[in-house]
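In my numbering, the protein residues as written are 10 to 259. Idealized CB from N, CA, C, for every residue including glycine.
Here's what the structure looks like:
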């Protein structure tokens with residue numbers, strides 16, 4: 010029979026050992042934060058891409074449809090970990106804040122200071138209001154189903170109106186060379202980008218003309234439906250990545 014080791018023999022770190030262990034933990038947390046910011050930013054840039062990058066690509070149809078649909082992926086996965094393991098209702102807000110940090114660093118230093126694009130042309134959109142609603146619903150209901158349906162829907166429906174105060178000014182019409190276009194389109198014609206001319210878009214032509222001027226509400230509700238389906242998918246992906254396994258034999 011194996012002898013029982015008394016608990017009193019296990020002593021916590023003190024003094025220099027404790028300080029080194031704490032400093033090592035902080036270093037790992039900072040590196041993990043930068044790794045997460047980079048991975049979410051790369052995922053977002055490769056999927057949403059130009060629709061959330063250039064101001065003349067932020068139209069009324071595809072921008073409110075694609076951006077929330079991709080933006081809810083990482084928040085759902087992180088919520089599954091932080092809520093299931095630690096009961097912390099801040100996964101979505103943490104993810105969106107991390108994405109904004111990485112996006113602002115890239116837009117300011119890589120495109121404004123390095124490539125001389127005006128910062129108004131590469132302004133990132135915000136998803137913090139939708140993330141706050143997502144975290145609040147998860148905290149109040151503790152239900153994946155309710156959070157998927159109502160939280161995922163609110164995440165998509167709040168995206169366009171919360172960004173309109175930022176980007177609404179760029180949709181003002183102007184007349185240039187006997188043609189009417191928006192200020193956002195004028196940015197696209199004045200500042201040359203690689204890949205021209207496919208980057209030249211008339212922002213008000215990328216809409217569902219079959220439905221007249223109501224393209225944005227239709228795109229928002231379509232995105233809300235897709236976000237309600239995307240949220241539980243990525244919740245289970247995050248839960249699978251955070252599965253705890255115990256070794257019975259070493």
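Item	Value
Own chain partners of residue 235 with C-beta closer than 6 Å, once the 5 adjacent residues on each side are dropped	78
DSSP state of residue 40 mapped onto helix, strand, coil	helix
Supposed close pair residue 108, residue 179 - CB separation, criterion 8 Å	The pair is not a contact, with the Cβ atoms about 22 Å apart (cut-off 8 Å).
Contact the segment 152-172 vs the segment 115-130: 3+ CB pairs below 8 Å	no
Residues near residue 266 by beta carbon distance below 7 Å, same chain, minus five either side	Shown here, the chain extends from 10 to 259; a query on residue 266 therefore has no answer.
8 Å contact criterion, which residue 161 and residue 233 should meet: CB distance rounded	7 Å
Given 8 Å, three or more beta-carbon pairs between the segment 246-257 and the segment 90-99	yes
Residue burial classification, residue 69 (beta-carbon count within 10 angstroms, cutoff 16)	buried
Straight-line Cα distance separating residue 59 from residue 197	12 Å
Counted within 10 angstroms of its Cβ, other Cβ atoms place residue 123 as buried (16 or more) or exposed	exposed
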